[in-house]
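Visitor: Handing you a structure now.
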Amino acid sequence: MFIPATPDEIRKVGWTRLDVILVAGDSYLDSPFVGVSVIGQRLLAAGYRVGIIPQPDIDSEKDISRLGEPELFWGITGGCIDSLVANRTASGKRRRKDDFTAGGINNRRPDRAVIAYANLIRRHFKKTAPIVLGGIEASLRRIAHYDFWSNRVRRSVLIDAKADYLLYGMADNSVLDLAARLREGRDVSELRGLCHAAAEPKPGFLELPSWEASAADPATFEKMFLTFDRNQDPLTAKGLCQRQDTRWLIHNPPAPPLTQAEMDEVHGMNFERAVHPCHRPTGEVRALETIRFSIATHRGCYGGCHFCAIAVHEGRTVSSRSEASIVREAESLTSVPGFKGRILDVGGPTANMYGFECEKKLARGACPDRSCLYPKVCKNLRPDHGRQIALLRKLREIPGVKQAIVASGIRYDLLLADRKNGIPFLREVIRRHVSGQMKIAPEHSEEQVLRCMGKPGPASLLVFRDLFRKLTAEAGKKQFLTCYWIAAHPGCTQTDMEALRRFAVRELALQPEQVQLFTPAPATISTLMYHTGRDPRTGKKLFVEKTAAGRERQKKILVAKTERFGYGNDGRQQFKREGISWEKTKTSKKTPRKNLPKR
Numbered sequence: 002m003f004i005p006a007t008p009d010e011i012r013k014v015g016w017t018r019l020d021v022i023l024v025a026g027d028s029y030l031d032s033p034f035v036g037v038s039v040i041g042q043r044l045l046a047a048g049y050r051v052g053i054i055p056q057p058d059i060d061s062e063k064d065i066s067r068l069g070e071p072e073l074f075w076g077i078t079g080g081c082i083d084s085l086v087a088n089r090t091a092s093g094k095r096r097r098k099d100d101f102t103a104g105g106i107n108n109r110r111p112d113r114a115v116i117a118y119a120n121l122i123r124r125h126f127k128k129t130a131p132i133v134l135g136g137i138e139a140s141l142r143r144i145a146h147y148d149f150w151s152n153r154v155r156r157s158v159l160i161d162a163k164a165d166y167l168l169y170g171m172a173d174n175s176v177l178d179l180a181a182r183l184r185e186g187r188d189v190s191e192l193r194g195l196c197h198a199a200a201e202p203k204p205g206f207l208e209l210p211s212w213e214a215s216a217a218d219p220a221t222f223e224k225m226f227l228t229f230d231r232n233q234d235p236l237t238a239k240g241l242c243q244r245q246d247t248r249w250l251i252h253n254p255p256a257p258p259l260t261q262a263e264m265d266e267v268h269g270m271n272f273e274r275a276v277h278p279c280h281r282p283t284g285e286v287r288a289l290e291t292i293r294f295s296i297a298t299h300r301g302c303y304g305g306c307h308f309c310a311i312a313v314h315e316g317r318t319v320s321s322r323s324e325a326s327i328v329r330e331a332e333s334l335t336s337v338p339g340f341k342g343r344i345l346d347v348g349g350p351t352a353n354m355y356g357f358e359c360e361k362k363l364a365r366g367a368c369p370d371r372s373c374l375y376p377k378v379c380k381n382l383r384p385d386h387g388r389q390i391a392l393l394r395k396l397r398e399i400p401g402v403k404q405a406i407v408a409s410g411i412r413y414d415l416l417l418a419d420r421k422n423g424i425p426f427l428r429e430v431i432r433r434h435v436s437g438q439m440k441i442a443p444e445h446s447e448e449q450v451l452r453c454m455g456k457p458g459p460a461s462l463l464v465f466r467d468l469f470r471k472l473t474a475e476a477g478k479k480q481f482l483t484c485y486w487i488a489a490h491p492g493c494t495q496t497d498m499e500a501l502r503r504f505a506v507r508e509l510a511l512q513p514e515q516v517q518l519f520t521p522a523p524a525t526i527s528t529l530m531y532h533t534g535r536d537p538r539t540g541k542k543l544f545v546e547k548t549a550a551g552r553e554r555q556k557k558i559l560v561a562k563t564e565r566f567g568y569g570n571d572g573r574q575q576f577k578r579e580g581i582s583w584e585k586t587k588t589s590k591k592t593p594r595k596n597l598p599k600r
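137 is the number that my numbering gives to position 136 of the sequence shown; each next residue is one higher, with no gaps.
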């Protein structure tokens, strides 16, 4: 069932008052890919009376007051995407469209949504139940953080929003623990995965440099951030505290990742996989097209990419579902209205991390001084794609399923490190599970830039390129690699972008199209580099392009059509001089980068 969103729906289920009211920055999509839906359904399954208010008008009390006041807590999320990222391009321009808003017009989500919604509640409910922040916007901004949009170090969003608690990470179990303790009148301050404010620092917790000191000095900010970053593994993390003005932010250690049984339980809930009827008069929600007929096989990522916020939010430990759970979900999809036989994605943050993890990490926690994949795949990881091969074969056998596509990005260095099942997995995907294009994310070609990104060098990409071409030819198919690139990352110059352009044309025989400007997300290593202008591993200064014009120039170098790339009017002649086949540079139809929601 849908989480009740109107007074009529509350009356129909026989409730007179709610325990929890969730407030969201997106239109309400009831889907296992949408964080607020998962949290709401988990609470409902545990017996709590839950309602939801999607995208309330912040200029009146009409929306925020329509369900009354909750007895236990208000839960606030900015949505599946940080509200500032949803509202603005990397160049700061206002986005006209919003894939998570009914009708697609970007006119419902406020900037800094979690702060706006908390203020809205405080304005109209003076002495109310605790306000709890969650979702990716709150999770990434839980400590003092560099904010790209205002170009300054801001306090924790918990402090700025004047909220009572903040649950960071995925919070599936944390929210149930919080609700139980509030119902029973017990103390919640010890909950893992929770942040709160206090009058004094907590004994035994590590003291971070204060917000004031971190904001005043980039070197102090770097010290603060690295201590925070080293204490994010559930098995080894220590609690943190940080003075912010006259109060202290108390940051409890992370909650443990879900077990396989818990993952199965979450995805076994009866989601509607549809937009709530209250949005129908406004129009469709485009994001539903991507996620309605997709299946998440796992969560978490140990890729270690410095620019990516997934590990900060979902964790570095990969939690996988059982084959039986995934097959059951696939079988249920065949009865969903509109299903035409194609599962649009079977994957996760990285498609081929399903089904295996480092046993050492599971027993002792993530290594504090190394990445699982960078600069090379760790020997302790022991990647094995065999379980994923078996899963894909089972999905193909389900009556009503014509094709199950692996549309999430594939980490090719991880695939190549699996000497037993890596190539069989790729062969399986190429023959039966690709819809014309396979997505990979090299991000760049130049070694010094890739080091700053925490990505492998181009050698493994070229090996994978040859393997992809060989297996595609063997399959008798015409398929392409879709490569994603980043411009203006810390350490990247215009010269580096020109070199990347040449690499893409000569080595990959493609015209780069899927290019995004680096957007500094709070709580990532790359954003630390952007703010401080230093490589935290070496202490050396980095070139960082911070001007809007310079950032756009870097992107244009890569996306400019061949004829306009400084070659005069005839790009074909330049290609001929460089010994490049013009025909090989023709690319497949441009496909936008898929934006699967993150909680």
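The C-beta atom is built at its ideal place from N, Cα and C for all residues, glycine as well.
Since the structure is predicted, the reported quantities are computational estimates derived from the model, not experimental observations.
1. State the Cα-Cα distance for the pair Ala217 and Glu448, rounded to the nearest angstrom.
2. Report the option in Ile59, Pro350, Pro57, Ile40 whose CA atom is closest to the CA atom of Val51.
3. Pull up the distance between the alpha-carbon of His280 and that of Lys63, whole angstroms please.
4. Phe544: buried (16+ other C-beta within 10 angstroms of its C-beta) or exposed?
5. Compare the C-alpha of Ser28 against each of Glu70, Asp161, Gly104, Lys395 and name the closest.
6. Can you tell which of Arg274, Arg43, Arg300, Ile411 has the C-alpha that lies nearest to the C-alpha of Leu334?
7. Would you kindly work out how many angstroms separate the C-alpha atoms of Val14 and Thr228, rounded to a whole number?
8. Look at the Cβ atom of Ser175, then the Cβ atom of Met264, and state whether they are nearer than 9 Å.
9. Taking all protein chains shown into account, decide if Val402 is buried (16 or more other Cβ within 10 angstroms of its Cβ) or exposed.
10. If Gln404 sits next to Ala488, beta carbons under 8 Å apart, how far is it from one beta carbon to the other, in whole angstroms?
11. Using CA coordinates, which residue listed in Pro204, Leu177, Gly304, Ile390 is at the minimum distance from Arg193?
12. Could you check if Glu546 is buried or exposed, using at least 16 other CB atoms within 10 Å of its CB as the buried criterion?
13. DSSP has Met439 in a bridge; who is on the other side?
14. Compare the beta carbon distance of Ala1 and Arg428 with 9 Å and say whether it is the shorter of the two.
15. Could you please give me the residues that DSSP links to Lys542 through a beta bridge?
16. Exposed or buried, which one is Arg420 when buried takes at least 16 other CB atoms within 10 Å?
17. Expressed to the nearest angstrom, what Euclidean distance is found between the alpha-carbon atoms of Arg1 and Ile411?
18. Should Glu185 be labelled buried (16 or more other beta-carbon atoms within 10 Å of its own) or exposed?
19. Mapping DSSP to helix, strand and coil, what is Glu201?
20. Using DSSP with H/G/I as helix, E/B as strand and the rest coil, what is Thr78?
21. Counting beta carbon pairs with one atom in the region 436 to 447 and one in the region 379 to 397, are three or more of them shorter than 8 Å?
22. Could you have a look at Tyr568 and say whether DSSP puts it in helix, strand or coil?
23. When DSSP builds the beta bridges, which residues end up paired with Ser320?
24. What are the partner residues of Leu241, as DSSP defines its beta bridges?
25. Does the Cβ of Gly180 have 16 or more other Cβ atoms within 10 Å, making it buried, or fewer, making it exposed?
26. Assign Thr473 to buried or exposed, taking buried as 16 or more other Cβ atoms, counted over all protein chains shown, within 10 Å of its Cβ.
27. Is the CB of Cys242 under 9 Å away from at least one CB in chain D?
28. Among residues of its own chain, excluding the 5 on either side of Ser215, which ones have a beta-carbon nearer than 7 Å to its beta-carbon?
29. DSSP three-state call for Phe265: helix, strand or coil?
30. Using only the alpha-carbon positions, how far apart do Glu514 and Ala505 sit?
31. Find the nearest neighbour of His434 within the set Ala91, Ala164, Leu207, Arg343, judged by alpha-carbon distance.
32. Quick one, are the C-beta atoms of Pro521 and Phe149 less than 9 Å apart?
33. Looking at the structure shown, is Pro219 part of a helix, part of a strand, or coil, going by DSSP?
34. Would you decide whether Thr298 is buried or exposed? Buried here means 16 or more other CB atoms lie within 10 Å of its CB.
35. Throw me the rounded Cβ distance for the Thr90 and Gly135 pair, which I believe falls under 8 Å.
36. Going by beta carbon distance, what residues of the same chain come within less than 6 Å of Tyr1, once the five residues before and after it are set aside?
Guide: Working from what's here:
1. Roughly 33 Å separates the two Cα atoms.
2. Ile40
3. Spanning the two alpha carbons is a distance of roughly 16 Å.
4. Looking at its Cβ environment, which holds fewer than 16 other Cβ atoms inside 10 Å, Phe544 is exposed.
5. Gly104
6. Arg274
7. 48 Å
8. No, Cβ-Cβ distance for Ser175 and Met264 is not below 9 Å.
9. Counting Cβ neighbours within 10 Å, Val402 comes out buried, since at least 16 surround it.
10. Not confirmed; about 34 Å, so no contact.
11. Leu177
12. Glu546 sits buried, since 16 or more C-beta atoms from the chains shown fall within 10 Å of its C-beta.
13. Leu482
14. Any answer about residue 1 is impossible in this case: the structure gives the chain only from 2 up to 600.
15. Arg535
16. So Arg420 counts as exposed.
17. Only positions 2 to 600 of the chain appear in this structure, which leaves residue 1 out of reach.
18. exposed
19. coil
20. strand
21. The answer is no - the region 436 to 447 does not touch the region 379 to 397, with fewer than three Cβ pairs under 8 Å.
22. Any answer about Tyr568 is weak, because its pLDDT of 40 lies below 50 and its placement is not dependable; what the coordinates show is given next. Coil, per DSSP.
23. Arg300.
24. Leu207, His252
25. The identity of residue 180 in the sequence shown is Ala, whereas the question assumes Gly. Answer is buried; the Cβ neighbour count reaches 16.
26. buried
27. No chain D appears in the structure shown, which is made up of a single protein chain.
28. Ala145, Val154, Thr221, Phe222, Met225
29. Per the sequence shown, the amino acid found at residue 265 is Asp instead of Phe. It is helical.
30. 10 Å
31. Arg343
32. yes
33. helix
34. buried
35. Going by Cβ atoms, the distance from Thr90 to Gly135 rounds to 26 Å, so no, they are not a contact pair.
36. Residue 1 cannot be examined here, being either before or after the span of the chain that is shown, 2 to 600.
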